[in-house]
Amino acid sequence: MSLTEANPLALICELTHRCPLHCVYCSNPQELAARSSELPTGDWASVFRQAAGLGVLQADLTGGEPLARTDIVDLVRAARNSGLYVNLITSGLPLDETRLDTLLNAGLDHFQLSFQSSNEQIAEQISGTKTHGQKLKVLEWLKSRRVAVTLNFVLHRRNLHQMDEMLAIAESSSATRIEFANVQYYGWAFSNRDQLLPTRSQFDEFLIKVKTAEERLRGKIRVEYVVPDYYAKYPKPCMGGWGRKVMLITPNGDALPCHAAAVIPGLRFENIKEKPLRAIWEASDAFQKFRGQAWMTEPCKSCDRRTRDFGGCRCQALLLAGDPAATDPVCSLSPSRSIVDSVIRAVPASEAPIKIDFVYRPNPA
Amino acid sequence: MAIDPNSKPQLAPGVRLGENGSQRVLLMPERALRLNGPSLEIVSRCDGRHTVAQIIAELQKLYSKAEPHKVETDILGYLELLQKDRALDFTA
């Protein structure tokens, strides 16, 4: 039996780990890639061509901050010319209107702008920078230009009360899509979990608000959301299943099944400078490790949901249960669910601000 | 949201046709829809010039063996789906 899935649909390209922001929940690994290790333009262009040949449809150009790459326009053009749909996942700087136009002329399809808050004060607490004003400017520039726009709001204890204001920002923009992404607790966010994890009542209110917004904005703005999975009954189908739909390339060219996979001990990642993308996807140890169902333990192994959620998240199983092959401990059926319950129980009931003592992600050399 | 038969649908910004091998797809932010026979015929007429009524009439001709009412219902259902995905803009 071959464990190879048909083909990946999306290629997440961490073009750099450099970033002007220092968000306390950054999805980059804690060991950030140095500028000197970043792939040159030509290597990325080759990755895009190979990905399109493999059946990938979407390229997510992300970072760090992808606009920190001085060759970002060439990268967008190369991805588009390979036949990929080009998403730029950005904090909106460094950018001015001229640079925006060159990106669009190069073939950028979709501009996804991240927000830390609906106001400058909380945005600054979270990102360690003053960049909220620039984001609002970018939204104005986007209004007169033909490109898909998504606003991505990362949600947590300190900004969940701002959903109405966030929706108002989106509704006054040209966005056709909003993502309300509750923080997932790996890496930097795991270090800051006690200050970011929402209360149960915040979570309940979130669900009501997001569903109301989804209904109200139907046909105008597509509302998508990710729940804080500590409060969920069943785990998320992380990455749509390990090695099943998504491939991630780090700034130095390592191919990973997900953002956080490097935390799992014993996984060896292949590099696109040494092997064709197809060979990595089809046969590399890291992609094979948790593909399919053979690796599963109980209760996943015999669970009806195993083809829907794929056992949840391997990195979370490692972080919380100490075993990457365990059932994701957020699952109510997991023997380790009590670990998650005790974390939730420790969340102060009051929504009053707690002492701010964040670990900020630095900018790599 | 009901669809006005006199409105003219067109692909929203950042939504475009693409292909994956020989399979035509509709590409949009973080999503792609496979297009086959009828769905491809519908999407390729979402050009801001055809009204919904015209799209229905043309497809009823194209699929003349199918029951006309069924063709209409299917087209409206598909346009609603695309509208929900925010893949279309409708102009008067």
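Sequence order for the protein chains is X and L. Counted the way the numbering used here counts, the first sequence spans residues 826 to 1190. Counted the way the numbering used here counts, the second sequence spans residues 122 to 213. Beta carbons are placed, not taken as given, at the ideal position from N, Cα and C, and that holds for glycine.
Sequence-distant partners of glycine 908/X (beyond 5 residues in either direction) whose C-beta falls short of 8 Å from its own C-beta, in its chain, are Ala877. Aspartate 1153/X is positioned such that its CB atom lies closer than 9 Å to that of proline 1060/X.
Proximity of chain L to alanine 995/X at the Cβ level (cut-off 9 Å) is not reached, the minimal Cβ distance being about 12 Å. Judged by DSSP in its simplified three-state form, phenylalanine 211/L adopts strand.
Boundaries of the beta strand (DSSP E) harbouring methionine 1072/X: 1071-1074, taken from the DSSP string. Listed in chain order, the non-local C-beta contacts of alanine 1087/X below 6 Å within the same chain comprise Pro854, local neighbours out to five positions each way being set aside. Between leucine 840/X and proline 1076/X, the beta carbon gap of about 7 Å places them in contact (Cβ cut-off 8 Å). Under the DSSP assignment, serine 861/X falls outside any alpha helix (DSSP H); it carries neither an H nor an E label. For the C-beta of glycine 135/L, the chain X residues within less than 7 Å are, from N- to C-terminus, Asp934, His935, Val972, Ala973. The CB of tyrosine 1050/X never comes closer than 7 Å to any CB in chain L; the least such distance is about 13 Å. Residues are counted here when their Cβ sits less than 8 Å from a Cβ of chain L; for the segment 906-923 of chain X these are Gly908, Tyr910, Asn912, given in chain order. Classified as exposed, histidine 190/L has fewer than 16 neighbouring CB atoms from the shown chains inside 10 Å of its CB.
When DSSP assignments are scanned along the segment 844-919 of chain X, the uninterrupted stretches of alpha helix (DSSP H) that are 4 or more residues long and fall wholly within it turn out to be 866-879, 897-906. When secondary structure is reduced to three states using DSSP, cysteine 838/X falls in the strand class. Contact check for threonine 1037/X against arginine 1002/X fails: the beta carbons are separated by 9 Å or more. Put simply, of Phe873/X, Ala904/X, Glu863/X, Tyr910/X the residue whose alpha carbon is nearest the alpha carbon of glycine 889/X is Glu863/X. Put simply, the CB of arginine 1041/X is far from chain L, with every gap to its CB atoms at 9 Å or more. Residues of the segment 865-899 of chain X whose Cβ lies closer than 7 Å to any Cβ of chain L, in chain order: Gly880, Leu882, Gln883. Nearest Cα to asparagine 1096/X within the set Ile1089/X, Trp1106/X, Pro1090/X: Trp1106/X. At the C-beta level, valine 972/X and proline 134/L come within 9 Å of one another.
Looking at the backbone, the Cα of leucine 209/L and that of valine 1168/X are separated by about 44 Å. In the DSSP assignment, the residues bridged to valine 979/X are Ala1006/X.
Listed along chain X, the residues sitting closer than 8 Å to glycine 142/L by beta-carbon distance are Gly880.
For threonine 1037/X, no CB of chain L lies under 9 Å from its own CB, so it is not counted at the interface with that chain. Inter-segment contact for the segment 129-146 of chain L and the segment 858-872 of chain X is absent: fewer than three beta-carbon pairs are separated by less than 8 Å.
Nothing from the segment 169-195 of chain L brings a Cβ to less than 8 Å from some Cβ of chain X.
Collapsing the DSSP output to three states places glycine 1044/X in coil.
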